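The structure under discussion appears below in the form of structure tokens.
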Amino acid sequence: MTLADRRNNFDALRIAAALAVVIGHAWPLTGVPAAPRLGGHLIYHDAVYVFFAISGFLIASSWARSPRPLGFLRNRALRIFPALALVVLVTVFAIGPAVTTSPDYFARAETWGYLGNIILVAQYELPGVFEANPVTAVNGSLWTLGAEFACYLGVLLVGVAARRIAPAVFAALFVLLVTVSLIPGALPPGMGAVTTAMAFFAAGAVIASPTVARWVLPGPALAALAVWLVVGAVSIEAGKVLAWLVVPYLVIALGIRSTPVLRDAGRFGDFSYGLYLWAFPVQQLVVVWLGSLALWFDLLIVVPLTLVLAVASWHLVERRALALKSGTRRRVGAGSPG
């Protein structure tokens, strides 16, 4: 029985990671310093790395099950772009006009340039939008999507050019990405977060190999978690280094299990992507409309609003797009790997 045929805990882990991003972003977006850390990283960075590790595992597994380049690309595009297009269009044509202080909002090149986010050309600000907020980015979460899609293309390239030694290639890429991330000045400004996330994806892809996956067990994973938390509490930098090994092993060890309650997290749909896409602009809107509230009160407003949008995104856009995926064997209502 493969991951495509049975329920597992990955939907629950993705939802938990999406909520951790929302919670972690509440600190900077409301102007509160010192966001919490877990194992060395800021909590919202850890959550992003959970997404990348899970994605590496599931996407590499998807290619192994169905190594057809066009079908693979089609499935990846259907997962990423329809929901992304929705949030970008709503941002430009509804959120922007509602809160902008710019009298020539639609005449500004930056307004139309923001539409480039639909095709992963990143732009984070709109004219006069959220300019008085502690953070002026409209949707700072979008940076990960270009890195994610680049990882998909990497799996395709490795799968076509070196399928028989793919795990070894992914392992070499993991070592390379970690190495360049650790060397001061080795990367252009802003690229450190991208290569770090890609390293987690590569680690997940390595674990997708059946030879490696059979050694992924919950007992050692929980022991590794305990060590990582202790090390991260003592040394932030040491915790960050150890995270590259512990986080992928841990989340995949937990994800491949089929635990009661957790395995049913996607029963009504996979809302994690919608939560991730909509949370940042919703959090920014709450700051504009209600000011800097107490952090946890802010979250009590943001999380339900974002969940409503995520559910709508799933049922109106994502679910319908995923129904077009080639080789889909699971019911459309559940989050499907790859």
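Start counting the sequence shown at 575; every next residue gets the next number (the working numbering).
C-beta atoms are modelled at their ideal positions from N, C-alpha and C, and glycine is treated no differently.
In this text, all values refer to a predicted model and were calculated from it rather than measured experimentally.
Judged by beta-carbon spacing, P641 lies beyond the 8 Å limit of T674, meaning their Cβ atoms are not closer than that value. Across the set A621, V861, V780, D678, the C-alpha of A621 shows the shortest separation from the C-alpha of A767. L869 and T604 have their C-alpha atoms spaced approximately 7 Å apart. In chain order, V780 place their CB closer than 6 Å to the CB of A745, counting only its own chain and leaving out the 5 sequence neighbours on each side. A straight line joining the alpha-carbon of A696 with that of P792 spans about 38 Å.
DSSP places D872 in the uninterrupted alpha helix (DSSP H) bounded by 869-887. The secondary-structure analysis by DSSP pairs R611 across a beta bridge with L616. Of the residues Y823, P677, P602, the one whose Cα lies closest to the Cα of V786 is Y823. Check the Cα spacing between L881 and each of P855, L896, R894, K899: the tightest is with P855. According to the DSSP assignment, N649 belongs to the alpha helix (DSSP H) that extends over 643-664. DSSP, read as helix, strand or coil, puts Q697 in coil. Per the Cβ contact rule, the stretch 744-764 is not in contact with the stretch 798-813 (fewer than 3 Cβ pairs under 8 Å). When the Cα atoms are used, V815 and V624 turn out to be separated by approximately 15 Å.
I810: member of the alpha helix (DSSP H) spanning 810-829, first to last residue. Here DSSP, grouped into helix, strand and coil, assigns P794 to helix. At least 8 Å separates the beta-carbon of A771 from that of F748. Spanning the alpha carbons of L828 and N583 requires a straight line of approximately 7 Å. Restricting attention to V606, W686, G728, the CA atom closest to the CA of A634 is found in G728.
Residue state for P784 is assigned as helix, using DSSP reduced to three classes. Annotation for S866: no alpha helix (DSSP H) segment contains it, and DSSP assigns it neither H nor E.
For E705, there is no enclosing alpha helix (DSSP H), as DSSP marks it with neither H nor E.
Within the model, the alpha-carbon separation for V666 versus S676 is close to 13 Å. Between V885 and F845 the beta-carbon gap is near 6 Å, inside 8 Å, which marks them as a contact.
Between L694 and L730, the C-beta gap is not smaller than 8 Å, which leaves the two residues out of contact.
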